Amino acid sequence: MGIRKRFTILHSNDMHGDFLAEMRGEEGHLIGGLSLLSGYINEVRSEEKNVIYCIAGDMVQGSIIDAEYKGISTMEIMNYLSPDVASLGNHEFDYGLPHLLFLEKIANFPIVNANLYITQYNKRLFQPYIVKNVDGFDILFIGIITEKVMDMLKTDNMLSSFITLQEAASEVGKICNAYKNDDIDLTILLTHIGFESDKELASLLDPAWGVDMIIGGHSHTVLEQPAIVKNILIAQAGVGTEQIGRFDITVDDDTNSIVDWTWKLVPIDNIHCQPDEKLTAFIDGFKDIVDKKYGSIISKFARTLTHPERTRETELGNLFADAIQETTGVDVAFVGSGSIRKTELGPIVTLGDYLALFPYDDSITRFTVTGAQLKHAFAGFMRPENR
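Each step along the sequence shown adds one to the number in the UniProt record's numbering, with nothing skipped, and position 204 is 204.
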């Protein structure tokens, strides 16, 4: 038996600019928000010796504070949280690849991705991995992104023609094999491909590569416990900042493997967490400017309308689709349910509320289809992998 050390790994994913806590329930508990999240992270960092905080993509896009500053506010706030490493998500590309490269320079933490390439030069577009030495143990983090990112890149025909997405498992193998003669104690994939794809990826990995853990995002999956595929732990922490994943693991430096672990999804609220007042003040600086610009009331509802999940019909989804249908005069309007970024709206609605509901600078496309084509499209929409 070699030397064994304990590590605490905190992980978030799909935060989507969820900066502010929400007051819920009759007792008015504060839920989520980066101030409470930072408070919890700081508490763990003070209590435990070897703490690592990582983010598995989609830090940006989903709030008016993020949209107003095109992600710059998000990166400045993330710098305050000081993650040890983050991976790219597809929404990091929402403001365009050139702007993302600018955001990467603002970040004071490494952002890794291994499977996006500049085609003609066979060169990776971003830093593919990082090895962090924590208490004498070397931990390898590798970033992997979903093929959905190519849809984002297609909006720029010139740049997209220069970029390709390589198969994830082979890229992981290349990096792990490059370190096979080094004493890597722990290997973690930071992915943004979705929980089911994480399990599929784990099944494709050669055990000799030594991957111990996949921390993922993209599918907004809430787990009771991690999945285990080929002895690889696979976890995700839902969406937003209402919770954070926590691994407490013991690693053996002789076998370079996890010999003991626990995991839990920690609620972020004012019952379990103390707010970080300095971060609150920092975020309020952005919020005050945004509130002055977008705080005017533009409509009132009879009651609050909700959008609790993206996999079924919702009141807010219907409202948004009906508004597009009525404005454009079409017979049918389609709205991607995942593009609706708030779970509720009203009864008093400001301009900022609407922009937070749909923070994308998108256009409406109008086209004509036959009944048979529409039926075929619906069949595609309802396939499990497309939901």
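Backbone N, C-alpha and C fix where the C-beta goes; we use that ideal spot for every residue, glycine too.
All of these numbers come straight from a predicted model, not from anything done at the bench.
In the DSSP annotation of this structure, the continuous segment of the beta strand (DSSP E) that includes S87 starts and ends at 85-87. Comparing C-alpha distances from E171 to each of N42, Y129, I111 shows the shortest one belongs to Y129. Note that the C-beta distance between V60 and E92 is below 8 Å.
For F126, DSSP records no beta bridge to any residue. In the same chain as T328, and ignoring 5 residues on each side of it, the C-beta atoms closer than 7 Å to its own belong to I364, R366, in chain order.
The three-state reading of DSSP puts F247 in strand, counting E and B together. Going by DSSP, P267 is part of the beta strand (DSSP E) stretching over 257-267. The secondary-structure analysis by DSSP pairs D252 across a beta bridge with R4, S257. Taking all protein chains in view, the Cβ of G136 is surrounded by fewer than 16 other Cβ atoms within 10 Å, so the residue is classified as exposed. Straight-line measurement puts the Cα of T146 at about 31 Å from the Cα of V44. Proximity of the region 196-213 to the region 229-238 meets the contact definition, three or more beta-carbon pairs being nearer than 8 Å. In the DSSP assignment, G173 falls within the alpha helix (DSSP H) that extends over 168-178. T280 is the residue among G210, P384, T280, E48 whose C-alpha sits nearest the C-alpha of M78.
Cβ contact annotation for H99 (same chain, cutoff 8 Å, sequence separation greater than five): K70, G71, in chain order. In the three-state DSSP reduction, K132 falls in the strand class (E or B). Of the residues L36, T311, L189, the one whose Cα lies closest to the Cα of T343 is T311.
The region 105-121 makes no contact with the region 306-321: fewer than 3 CB pairs, one atom from each, lie closer than 8 Å. Straight-line spacing of the CA atoms in G245 and I234 works out to 11 Å. Taking one beta carbon from each stretch, the region 15-22 and the region 187-201 have fewer than 3 pairs nearer than 8 Å; the two do not touch. D276 counts as buried, since no fewer than 16 other beta carbons sit within 10 angstroms of its beta carbon. Assignment of beta-bridge partners to H29 by DSSP yields R24.
Between the region 253-270 and the region 48-58 there are fewer than three inter-stretch CB-CB distances shorter than 8 Å, so the stretches are not counted as touching. Counting the other CB atoms within 10 Å of its CB gives Y121 a total below 16, which places it among the exposed residues.
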